[in-house]
Amino acid sequence: MNIQADLTPPLPEGRWALFLDIDGTLLEHAPHPDAVSVSEELRVLLERIEQRLDGALAFITGRSIAAVDHLFDPLKLRIAGLYGLEHRLAPAGAIEAADAPADMAALADEIELELASKAVYVERKGPVLAIHTRAAPQLLARATELVEAALARLPKGYRVIAGNAGVELMPLEAAKGAAIRRFMQLDPFTGRRPVFLGDDTSDENGFDTVNAAGGISIRVKPQGETAARFAIEDVASAVAWLETNFGGPAKQTSRSDLVA
Numbered sequence: 647m648n649i650q651a652d653l654t655p656p657l658p659e660g661r662w663a664l665f666l667d668i669d670g671t672l673l674e675h676a677p678h679p680d681a682v683s684v685s686e687e688l689r690v691l692l693e694r695i696e697q698r699l700d701g702a703l704a705f706i707t708g709r710s711i712a713a714v715d716h717l718f719d720p721l722k723l724r725i726a727g728l729y730g731l732e733h734r735l736a737p738a739g740a741i742e743a744a745d746a747p748a749d750m751a752a753l754a755d756e757i758e759l760e761l762a763s764k765a766v767y768v769e770r771k772g773p774v775l776a777i778h779t780r781a782a783p784q785l786l787a788r789a790t791e792l793v794e795a796a797l798a799r800l801p802k803g804y805r806v807i808a809g810n811a812g813v814e815l816m817p818l819e820a821a822k823g824a825a826i827r828r829f830m831q832l833d834p835f836t837g838r839r840p841v842f843l844g845d846d847t848s849d850e851n852g853f854d855t856v857n858a859a860g861g862i863s864i865r866v867k868p869q870g871e872t873a874a875r876f877a878i879e880d881v882a883s884a885v886a887w888l889e890t891n892f893g894g895p896a897k898q899t900s901r902s903d904l905v906a
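Everything in the sequence shown is counted per the working numbering, starting at 647 for the first residue and increasing by one.
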């Protein structure tokens with residue numbers, strides 16, 4: 647589906663479960679992942695939404711859970727980090743984490759040696775390796791070549807995902823759709839209709855999952871083809887849409903189908 651305009655739907659009253667990507671969806675991208683910050687207004691909004699949905703709110707992100715907790719401190723939500731390789735199924739629950747293969751650190755060292763001095767940031771996230779080229783877009787192709795060449799050195803079951811401004815190497819089981827399905831099998835998500843907001847290639851799997859469940863998929867600032875059924879122009883508009891549809895004090899009491 648090729649979306650060019652802001653086609654985001656108003657939501658009718660219903661029992662919704664909300665899943666949110668972070669970077670590019672709730673926060674503007676920065677050349678370095680640590681260069682972003684969370685406003686108090688956004689923290690308060692998310693806390694209000696979590697209460698309104700009786701807890702049926704979760705981050706579905708490529709960041710680690712530790713990084714997200716640091717960013718949103720003191721707010722802690724349910725979360726799937728590292729594209730679902732980490733989970734915290736309850737805000738105060740334990741973190742289920744995945745180990746990194748032994749070869750990943752050496753690979754990161756090699757890529758860093760070639761690219762880090764050229765405004766490229768190599769982010770080590772356990773079993774996920776992310777190469778950020780937002781500050782040097784001309785090096786995206788070279789970064790992609792390096793991680794694709796590295797596949798033969800890693801255990802079977804790894805893949806390369808190219809994004810808007812970088813490329814990542816991750817296990818096949820790292821999939822946002824699988825993380826959303828896991829949450830949907832648990833209280834307080836079960837029996838609700840899923841809504842997922844994301845902005846990048848890695849979110850497409852999540853859009854497919856939500857579409858198959860009869861939910862609402864929304865891509866922020868879409869570029870070209872996307873599985874998302876709706877679009878939002880930018881981060882500010884995405885936050886405003888969340889405020890309008892989920893930020894009010896009223897609790898959801900009825901189920902309703904979206905009218906096309």
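The beta-carbon is built from N, C-alpha and C at its ideal position, and this holds for glycine as well.
On a predicted model such as this, the values are computed, not experimentally measured, just so you know.
How many Å lie between A744 and L657 at the Cα?
For this step, residue 744 is matched to residue 98 along the sequence shown. For this step, residue 657 is matched to residue 11 along the sequence shown. The alpha-carbon atoms of A744 and L657 are separated by roughly 36 Å.
Apply the 10 Å Cβ neighbour rule to Q650 and answer buried if 16 or more other Cβ atoms are within range, or exposed otherwise.
Within the sequence shown, numbered from 1, the residue matching residue 650 stands at position 4. Note that Q650 scores a pLDDT of 38, beneath 50, so its modelled location is shaky and nothing firm can be said.
If we ignore side chains and look at the alpha-carbon of each, how far apart do E659 and A884 end up?
For the purposes of this step, residue 659 is taken as residue 13 along the sequence shown, with counting starting at 1. For the purposes of this step, residue 884 is taken as residue 238 along the sequence shown, with counting starting at 1. Spanning the two alpha carbons is a distance of roughly 19 Å.
Thinking C-alpha only, which one of I706, D667 and W662 is nearest V866?
The residue you call residue 866 lines up with position 220 of the sequence shown. Of the candidates I706, D667 and W662, the one whose C-alpha sits nearest the C-alpha of V866 is D667.
From A798 to E756, what does the alpha carbon distance come to, in whole angstroms?
Within the sequence shown, the letter at position 152 stands for residue 798. Within the sequence shown, the letter at position 110 stands for residue 756. In a straight line, the C-alpha of A798 is about 15 Å away from that of E756.
Pick out whichever of E693, G861 and A782 has its Cα sitting closest to the Cα of R661.
The residue you call residue 661 lines up with position 15 of the sequence shown. That would be G861, whose Cα lies nearest to the Cα of R661.
Mind checking which residues open and close the beta strand (DSSP E) that includes H716?
By one-based count along the sequence shown, residue 716 stands at place 70. Not the beta strand (DSSP E): H716 falls in the alpha helix (DSSP H), residues I711 to F718.
Go to K771, then tell me how far its beta strand (DSSP E) extends in each direction, as first and last residue.
What you label residue 771 is simply residue 125 of the sequence shown in a count that begins at 1. Residues Y767 to K771.
Assign T890 to buried or exposed, taking buried as 16 or more other Cβ atoms, counted over all protein chains shown, within 10 Å of its Cβ.
Taking the first residue of the sequence shown as position 1, residue 890 is located at position 244. When all chains shown are included, T890 counts as exposed.
Quick one: give me the first and last residue of the alpha helix (DSSP H) that I741 is part of.
Stepping through the sequence shown from its first residue, residue 741 is reached at position 95. Careful: I741 lies outside any alpha helix (DSSP H) and carries neither H nor E.
Give the straight-line distance between the Cα atoms of G670 and N851, rounded to the nearest whole angstrom.
On the sequence shown, residue 670 is found 24 positions in, with the first residue counted as 1. On the sequence shown, residue 851 is found 205 positions in, with the first residue counted as 1. Answer to the nearest angstrom: the Cα atoms are 17 Å apart.
Report back the beta-carbon spacing between A877 and P868 to the nearest angstrom; my notes put them in contact at under 8 Å.
Your numbering for residue 877 matches position 231 in the sequence shown. Your numbering for residue 868 matches position 222 in the sequence shown. About 5 Å; that satisfies the 8 Å criterion.
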